[in-house]
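Colleague:
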Amino acid sequence: MSNQDWVEHKPKSPLSNAPFACAKKTQELAVNAVNLAAAAFPAWSMVSPENRQALLLAAADNLDKRSAELKEIAAAEVGSKENWLEINIQTSLKLLRYAASLTTSITGETLPTDSLGKISMTVRQPVGVCLGMASWNAPILLAIRAIAVPLACGNTVVLKASELCPQTHQLIGEILCEAGFAEHVIQVVTNLPDEANDVVEALVGHRAVRRVNFTGSTRVGRVIAQLSAKYLKPCLLELSGKSPFIVLDDANLEAAVDAALYGAFMNQGQLCMSTEKIILQDAIAASFIISFVAKARLLTSNVTADTQAKLGPLINIESGQRIQSIIDDAVEKGATILCGGQVNGLFLDATIIDNITPSMRIYSEECFAPIAQIIRCSTDEDALTLANDSDYGLSAAVFSQDTNRALNIARRIESGICHINSTTIADEAQAPFGGMKASGYGRFGSKAAIDEFTELRWITISEPSSASPPL
Numbered sequence: 000m001s002n003q004d005w006v007e008h009k010p011k012s013p014l015s016n017a018p019f020a021c022a023k024k025t026q027e028l029a030v031n032a033v034n035l036a037a038a039a040f041p042a043w044s045m046v047s048p049e050n051r052q053a054l055l056l057a058a059a060d061n062l063d064k065r066s067a068e069l070k071e072i073a074a075a076e077v078g079s080k081e082n083w084l085e086i087n088i089q090t091s092l093k094l095l096r097y098a099a100s101l102t103t104s105i106t107g108e109t110l111p112t113d114s115l116g117k118i119s120m121t122v123r124q125p126v127g128v129c130l131g132m133a134s135w136n137a138p139i140l141l142a143i144r145a146i147a148v149p150l151a152c153g154n155t156v157v158l159k160a161s162e163l164c165p166q167t168h169q170l171i172g173e174i175l176c177e178a179g180f181a182e183h184v185i186q187v188v189t190n191l192p193d194e195a196n197d198v199v200e201a202l203v204g205h206r207a208v209r210r211v212n213f214t215g216s217t218r219v220g221r222v223i224a225q226l227s228a229k230y231l232k233p234c235l236l237e238l239s240g241k242s243p244f245i246v247l248d249d250a251n252l253e254a255a256v257d258a259a260l261y262g263a264f265m266n267q268g269q270l271c272m273s274t275e276k277i278i279l280q281d282a283i284a285a286s287f288i289i290s291f292v293a294k295a296r297l298l299t300s301n302v303t304a305d306t307q308a309k310l311g312p313l314i315n316i317e318s319g320q321r322i323q324s325i326i327d328d329a330v331e332k333g334a335t336i337l338c339g340g341q342v343n344g345l346f347l348d349a350t351i352i353d354n355i356t357p358s359m360r361i362y363s364e365e366c367f368a369p370i371a372q373i374i375r376c377s378t379d380e381d382a383l384t385l386a387n388d389s390d391y392g393l394s395a396a397v398f399s400q401d402t403n404r405a406l407n408i409a410r411r412i413e414s415g416i417c418h419i420n421s422t423t424i425a426d427e428a429q430a431p432f433g434g435m436k437a438s439g440y441g442r443f444g445s446k447a448a449i450d451e452f453t454e455l456r457w458i459t460i461s462e463p464s465s466a467s468p469p470l
């Protein structure tokens, strides 16, 4: 971990309005963090898979032990409710333990060769320093995801903390270091918000940084992609979404309604996988809406600091203002609010908006808020067309009691992830996670993540007396 002097900065906690602290002289510290990680790489890359595995398992145990402290800080910084933070903890434990299992799954292969007596093979090796940048909306699990598999692969890591949850990300670095990782293998960099551009360029542009991963908005992801291209750094981007949720006319409506509630309103809809476009076939639309609205009306936000409220705050006032403008635009263009719809500072009750059309901003823009949008269709092909009419392609869901029918649609939805008869929100360490189109490229999770954070090399061995081809 880097030694840092601290300075108070804004934005403030959405709940307490208390300012947070982050490092000053951040660009200088960022460069120093990479230098330290680079110096630690040669020794760390030679640590055996067994020992890397033991350290990652110890890190999981330590995170579990300090989970209450971590959740308390995360709640203060971003306002997440206890249920979402507990999901963060449990998913992070699985991520670390799965990463531990990957240390012995990094394999090569022996290849056929045209030359008699030659051995031809591929190997996967650590790349060096991996830069991870994690968002605030899943403050614990996204930070762990950014660095767990890179560490498992034998890389050193630099985590650039989110400006909105710097203390959470700093504590995660501390928790992992306590597990016994060698000095400087894990670095955490914080920054003042107005220094973000300079700090990120200093990190991405550093010659020792060999891989970049970023989870966040498509707007910022484009900047990261451009910087990575400028410095020829491979990058993994997991970005915004506009998850479609298709309900066919033979679906189990009770299950579909419950999945839509979870998908649209968990963590106030502030997830890249959140359900946004609910596409209903005409035959079941009315029945679905009656049940969906009745249950959504019970999901009030935390305006009076009522701990029983299901929804917490939006991340900041600016987010609330943006969301209200999207809602107002939809209403002005003919949409109907079935419940919610009025932002109150940082709070918005569960909102359902019907009669959505392509002319509205809400049809194409990611809301990142507790807003479900209703769109009707008549046929399976219409549903598929509506689902794919988006710049984004992260997660999706299809509900039907006919598995073949649902799978026929799921296979053609333009998304990195699709769930049949389940919510759009799911993340399992052993499954590949990522999107297509403007939702990014590359994959976290599963053995696919090994490819992201290792170098594939071709090595041949010839007999000492082998003759070279003539000139």
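Numbering (numbering that gives the first Met the number 0), first residue to last: 0 to 470. All C-beta atoms, glycine included, are put in the ideal place defined by N, C-alpha and C. Values in this document were obtained by computation on a predicted structure and should not be read as measured data.
(1) For the region 213 to 225 and the region 35 to 45, state whether three or more C-beta atom pairs, one from each stretch, are separated by less than 8 Å.
(2) Give the C-beta separation of Gly116 and Ser461 to the nearest angstrom, bearing in mind that I take them to be a contact with Cβ-Cβ under 8 Å.
(3) Is Pro138 close to the ligand FMN? I mean its beta-carbon at under 6 Å from any heavy atom of the ligand.
(4) At the level of alpha carbons, what is the spacing between Asp281 and Ala334?
(5) Which residue marks the beginning of the beta strand (DSSP E) containing Ala371, and which one marks its end?
(6) Using the three-state DSSP reduction, which class does Cys176 fall into: helix, strand or coil?
(7) Go ahead and pull the three-state DSSP assignment for Met265.
(8) What residues in its chain sit with their C-beta under 7 Å from that of Leu393, if we drop five residues either side in the sequence?
(9) Under 8 Å by Cβ, that's how I've got Val412 and Ala386 pegged, so tell me the actual separation to the nearest angstrom.
(10) Who are the Cβ neighbours of Pro468 in its own chain at under 7 Å, not counting the five residues just before and after it?
(11) Output the distance between the C-alpha atoms of Val397 and Ile370, rounded to the nearest integer angstrom.
(12) Going by beta-carbon coordinates alone, are Gly262 and Thr423 separated by less than 7 Å?
(13) From what residue to what residue does the alpha helix (DSSP H) around Ser318 run?
(14) For Pro138 and Val77, which I take to be in contact (beta-carbon distance under 8 Å), what is that distance rounded to the nearest angstrom?
(15) For Phe244, does the three-state DSSP call read helix, strand or coil?
(16) Does the Cβ-Cβ distance between Ala147 and Ala37 come in under 7 Å?
(17) Measure the CB-CB distance between Leu95 and Ala58 and report whether it falls below 7 Å.
(18) Give me, in chain order, the residues of the same chain whose beta-carbon lies closer than 7 Å to that of Ala201; leave out the 5 immediate sequence neighbours on both sides.
(19) Per DSSP, Phe398 forms a beta bridge with which residues?
(20) One question on the structure: do Ile458 and Met120 come within less than 7 Å of each other, judged by their Cβ atoms?
(21) Quick one: give me the first and last residue of the alpha helix (DSSP H) that Asp381 is part of.
(22) Measure the alpha-carbon distance for Glu317 versus Ser324 and round it to whole angstroms.
(23) When the Cα atoms are used, what is the spatial distance from Gln186 to Gln52?
(24) Beta-carbon within less than 7 Å of Gly268's beta-carbon, same chain only, minus the 5 sequence neighbours each way: which residues are those?
(25) Verify the CB distance criterion: does Arg123 have a CB-CB separation below 7 Å to chain D?
(26) In or out: Pro312 buried (at least 16 other Cβ within 10 Å) or exposed?
(27) How long is the line joining the alpha carbons of Ala329 and Pro431, rounded to whole angstroms?
(28) Can you give the beta carbon distance from Leu54 to Ala178, rounded, assuming they're within the 8 Å contact cut?
(29) Return helix, strand or coil for Gln307, following the three-state DSSP convention.
(30) For a test of the three-state rule: what should DSSP assign to Val208, helix, strand or coil?
(31) Which whole-angstrom value describes the C-beta separation of Leu337 and Phe264, a residue pair presumed to lie in contact below a C-beta threshold of 8 Å?
(32) DSSP three-state label for Asn61, please.
(33) Would a C-beta distance cut-off of 7 Å place Val157 and Ala32 closer than the cut-off?
Modeller: The relevant details are as follows:
(1) no
(2) Here the question's residue 116 lines up with position 117 in the sequence shown. Here the question's residue 461 lines up with position 462 in the sequence shown. Confirmed, about 7 Å.
(3) Absence of the ligand FMN from the depicted structure is noted, as is the absence of any ligand whatsoever, leaving it without description.
(4) For the purposes of this step, residue 281 is identified with residue 282 of the sequence shown, where counting begins at 1. For the purposes of this step, residue 334 is identified with residue 335 of the sequence shown, where counting begins at 1. Looking at the two C-alpha atoms, the distance is approximately 17 Å.
(5) Here residue 371 corresponds to residue number 372 of the sequence shown, with the count starting at 1. Per DSSP, Ala371 belongs to the beta strand (DSSP E) from Ile370 to Cys376.
(6) Position 177 of the sequence shown holds residue 176. In this structure, Cys176 counts as helix in the three-state DSSP scheme.
(7) In the sequence shown, counting from the first residue as 1, residue 265 sits at position 266. If DSSP states are grouped into helix, strand and coil, Met265 belongs with the helices.
(8) Looking up residue 393 in the sequence shown gives position 394. So the qualifying residues of the chain are Gly240, Ser242, Cys271, Met272, Ser414, Gly415, Ile416, Gly434 and Ser438.
(9) The residue given as residue 412 occupies position 413 in the sequence shown. The residue given as residue 386 occupies position 387 in the sequence shown. First, the residue type needs correcting, since residue 412 is Ile and not Val in the sequence shown. At roughly 5 Å, the Cβ-Cβ gap stays under 8 Å, so Ile412 and Ala386 are in contact.
(10) To locate residue 468, count along the sequence shown from 1; it is residue 469. None.
(11) Along the sequence shown, read from residue 1 onward, the residue named residue 397 stands at position 398. Along the sequence shown, read from residue 1 onward, the residue named residue 370 stands at position 371. So the two alpha carbons sit approximately 19 Å from each other.
(12) Within the sequence shown, residue 262 is the residue found at index 263, counting from 1. Within the sequence shown, residue 423 is the residue found at index 424, counting from 1. The answer is yes: Cβ separation under 7 Å.
(13) Position 319 of the sequence shown, counted from the start, is the residue given in the question as residue 318. Residues Ile316 to Glu331.
(14) Residue mapping note: residue 138 aligns to position 139 of the sequence shown, counting from 1. Residue mapping note: residue 77 aligns to position 78 of the sequence shown, counting from 1. That pair is a contact at about 6 Å.
(15) The residue labelled residue 244 in the question sits at position 245 within the sequence shown. Strand, per DSSP.
(16) As a working mapping, residue 147 is identified with position 148 in the sequence shown. As a working mapping, residue 37 is identified with position 38 in the sequence shown. In this structure, Ala37 does not lie closer than 7 Å to Ala147 by Cβ.
(17) Counting from one through the sequence shown, the residue named residue 95 turns up at place 96. Counting from one through the sequence shown, the residue named residue 58 turns up at place 59. Their beta carbons are under 7 Å apart, which means Leu95 touches Ala58 by this criterion.
(18) As a first step, residue 201 is located in the sequence shown; it is residue number 202 there, counting from the start. Result list for Ala201: Gln26, Ala29 and Val30, in chain order.
(19) Stepping through the sequence shown from its first residue, residue 398 is reached at position 399. Under DSSP, Phe398 takes part in a beta bridge, and its partners are Val246.
(20) As a position in the sequence shown, residue 458 is number 459, starting the count at 1. As a position in the sequence shown, residue 120 is number 121, starting the count at 1. Yes, these two residues count as a Cβ contact at 7 Å.
(21) Translated into positions along the sequence shown, residue 381 becomes position 382. Asp381 -> alpha helix (DSSP H) spans Asp379 to Asn387.
(22) One-based indexing of the sequence shown puts residue 317 at position 318. One-based indexing of the sequence shown puts residue 324 at position 325. When rounded, the distance between both Cα atoms is 11 Å.
(23) Position 187 of the sequence shown holds residue 186. Position 53 of the sequence shown holds residue 52. Rounded to whole angstroms, Gln186 to Gln52 spans 19 Å at the Cα level.
(24) As a position in the sequence shown, residue 268 is number 269, starting the count at 1. Answer for Gly268: Cys366, Phe367, Ala368, Pro369 and Ile370, listed in chain order.
(25) Included in the structure is just one protein chain, with no chain D present.
(26) Locating residue 312 in the sequence shown gives position 313, counting from the first residue. Note on Pro312: 16 or more other CB atoms within 10 angstroms of its CB, so buried under the neighbour-count rule.
(27) Position 330 of the sequence shown, counted from the start, is the residue given in the question as residue 329. Position 432 of the sequence shown, counted from the start, is the residue given in the question as residue 431. Computed Cα separation, rounded: 35 Å.
(28) For the purposes of this step, residue 54 is taken as the residue at position 55 of the sequence shown. For the purposes of this step, residue 178 is taken as the residue at position 179 of the sequence shown. Indeed they touch by this definition, with Cβ atoms about 6 Å apart.
(29) Your numbering for residue 307 matches position 308 in the sequence shown. Assigned with DSSP and collapsed to three states, Gln307 falls in coil, not helix or strand.
(30) Working through the sequence shown from its first residue, we reach residue 208 at position 209. Looking at Val208 - three-state DSSP - the assignment turns out to be strand.
(31) Residue numbering aside, residue 337 sits at position 338 when the sequence shown is read from its first letter. Residue numbering aside, residue 264 sits at position 265 when the sequence shown is read from its first letter. Not a contact, Cβ separation roughly 14 Å.
(32) Here residue 61 corresponds to residue number 62 of the sequence shown, with the count starting at 1. Helix.
(33) The residue given as residue 157 occupies position 158 in the sequence shown. The residue given as residue 32 occupies position 33 in the sequence shown. Result yes, Cβ atoms of Val157 and Ala32 sit closer than 7 Å.
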